[in-house]
Amino acid sequence: MTCRSSEELNQLVLEAKGYTKFGKVADYIPALKKADPDDLSVAIYHPDGTCLSAGDVKLKITLQSISKVLALALALLDCGEEEVFCKIGYEPTGDPFNSIVKLEISKPAKPLNPMINAGALVVTHMIKGVSADDRFNRLLQFVRKLAGNPLITFCEEVAVSEFETAHLNRSLCYFMKQHGIINEDVEELIDLYTKQCAIEMNCLDLARIGLVLALDGVEPLTNNRLIPTQIARICKTLMVTCGMYNASGEFAVRVGIPAKSGVSGGIMGAVPNRFGIGIFGAALDEKGNSIAGLKILEMLSKRYDLSMF
Numbered sequence: 000m001t002c003r004s005s006e007e008l009n010q011l012v013l014e015a016k017g018y019t020k021f022g023k024v025a026d027y028i029p030a031l032k033k034a035d036p037d038d039l040s041v042a043i044y045h046p047d048g049t050c051l052s053a054g055d056v057k058l059k060i061t062l063q064s065i066s067k068v069l070a071l072a073l074a075l076l077d078c079g080e081e082e083v084f085c086k087i088g089y090e091p092t093g094d095p096f097n098s099i100v101k102l103e104i105s106k107p108a109k110p111l112n113p114m115i116n117a118g119a120l121v122v123t124h125m126i127k128g129v130s131a132d133d134r135f136n137r138l139l140q141f142v143r144k145l146a147g148n149p150l151i152t153f154c155e156e157v158a159v160s161e162f163e164t165a166h167l168n169r170s171l172c173y174f175m176k177q178h179g180i181i182n183e184d185v186e187e188l189i190d191l192y193t194k195q196c197a198i199e200m201n202c203l204d205l206a207r208i209g210l211v212l213a214l215d216g217v218e219p220l221t222n223n224r225l226i227p228t229q230i231a232r233i234c235k236t237l238m239v240t241c242g243m244y245n246a247s248g249e250f251a252v253r254v255g256i257p258a259k260s261g262v263s264g265g266i267m268g269a270v271p272n273r274f275g276i277g278i279f280g281a282a283l284d285e286k287g288n289s290i291a292g293l294k295i296l297e298m299l300s301k302r303y304d305l306s307m308f
């Protein structure tokens, strides 16, 4: 059984909106402070092309950490599984997503997984191209193809805001450069990474990408394979184990689907072989996940038996 009416979805949004007052918007990136904490929207994309939605689903948001999944898929296409996971681990962590602690106690200084900032920076470092601009454009074209939307671009204001305040990410990069995990100019990498995080789209685009992942890399309306099966499965596995920051274990119990969140309040879900979900709710909980967005997913999972466990 799946949700088949936008009215039903709208009821869930109205119910979940009551939780926005318990969260707050991300304030450590100045451009994200402007978000309205009461904004909440959701889209569900089915393989037959039908899309249910509730709330202002046309509102654009930046991907932030959701982009880590898409960059990982491209890096795996560029370099292969062995090379990527030679430099990054697969293991979840109980530490915050921007922590440097595990790098200091690992030998070598290898990030635990691609969904924490240290690991994501290494992933972006492995995207191929003749220049940082070329690498970003390759990633952007890849994202456009997955979303079926050639108009997707990035928010320059957010990218600049993140670049100017990315002191901790610079520290992670310099630490890993010292240990030979990355070997490019740190400022170029930070510029590329902040543009990656500032790629913006709406909930409909997000749900459509979630659907491609849910179907192991196939775009259902054209039947084109956009991502190899194994790469799609790697991405979904890491979304389950590490996708919701250090709340991933609780999320697996309460919701039980592959999902990735970002501090802009976005969540991308991929319900295996069923549908893709895109959510935006700017008010975050203490772990950095959309507080009302999590509530919507929890209600959807219980009502429609979405958990894969």
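Count the sequence shown with numbering that gives the first Met the number 0 and you get residues 0 to 308, in order. No residue lacks a Cβ here, since even glycine has one placed at the ideal position from N, Cα and C.
Collapsed DSSP secondary structure at residue i in the structure displayed
{"i": "S263", "result": "coil"}
{"i": "M125", "result": "coil"}
{"i": "E186", "result": "helix"}
{"i": "F84", "result": "helix"}
{"i": "L131", "result": "Before going on, a small fix: residue 131 reads as Ala here, not Leu. Three-state result, A131: helix."}
{"i": "G268", "result": "strand"}
{"i": "C50", "result": "strand"}
{"i": "V92", "result": "Looking at the sequence shown, residue 92 is not Val but Thr. The answer is coil: DSSP assigns T92 none of H, G, I, E or B."}
{"i": "F308", "result": "coil"}
Limits of the unbroken beta strand (DSSP E) element including residue i
{"i": "F279", "result": "F274 to G280"}
{"i": "V41", "result": "L39 to Y44"}
{"i": "L11", "result": "Here L11 belongs to no beta strand (DSSP E); instead the alpha helix (DSSP H) covers S5 to A15."}
Unbroken alpha helix (DSSP H) run spanning residue i, endpoints
{"i": "I256", "result": "From DSSP, I256 is part of no alpha helix (DSSP H); its letter is neither H nor E."}
{"i": "M200", "result": "Note, M200: premise wrong, no alpha helix (DSSP H); beta strand (DSSP E) at I198 to M200."}
{"i": "A291", "result": "I290 to Y303"}
{"i": "D77", "result": "S66 to C78"}
{"i": "C234", "result": "T228 to C241"}
Of the listed residues the options, nearest to residue i (C-alpha basis)
{"i": "M238", "options": "P219, R143, R137 and I266", "result": "I266"}
{"i": "P271", "options": "K301, K144, F308 and L150", "result": "F308"}
{"i": "L203", "options": "K301, L296, L75 and L58", "result": "L58"}
{"i": "N363", "options": "I278, E199, I256 and A15", "result": "As displayed, the chain neither begins before 0 nor continues past 308, which places residue 363 out of reach and without an answer."}
{"i": "K20", "options": "L188, D284, M298 and L299", "result": "D284"}
{"i": "A291", "options": "G264, S300 and S306", "result": "G264"}
{"i": "V185", "options": "N201, A165 and C196", "result": "A165"}
{"i": "K23", "options": "L305, N288 and D304", "result": "N288"}
Buried versus exposed call for residue i [16 or more other C-beta atoms within 10 Å across all chains shown]
{"i": "R134", "result": "buried"}
{"i": "D190", "result": "buried"}
{"i": "Y27", "result": "exposed"}
{"i": "Q63", "result": "buried"}
{"i": "Y44", "result": "buried"}
{"i": "K101", "result": "buried"}
{"i": "R302", "result": "exposed"}
{"i": "K67", "result": "buried"}
{"i": "N222", "result": "exposed"}
{"i": "G268", "result": "buried"}
{"i": "N116", "result": "buried"}
{"i": "S247", "result": "buried"}
Sheet register partners of residue i (DSSP bridge)
{"i": "N223", "result": "E218"}
{"i": "F162", "result": "Note: F162 sits in no beta bridge, so no partner."}
{"i": "T19", "result": "In the DSSP output, where bridge partners are listed per residue, T19 has none listed."}
{"i": "I60", "result": "M200"}
{"i": "L283", "result": "K23 and S289"}
{"i": "L193", "result": "The identity of residue 193 in the sequence shown is Thr, whereas the question assumes Leu. T193 pairs with nothing; no bridge assigned."}
{"i": "F153", "result": "I198"}
CB contact below 7 Å: residue i versus chain C
{"i": "Y27", "result": "The chain inventory of the structure shown lacks chain C, comprising one protein chain alone."}
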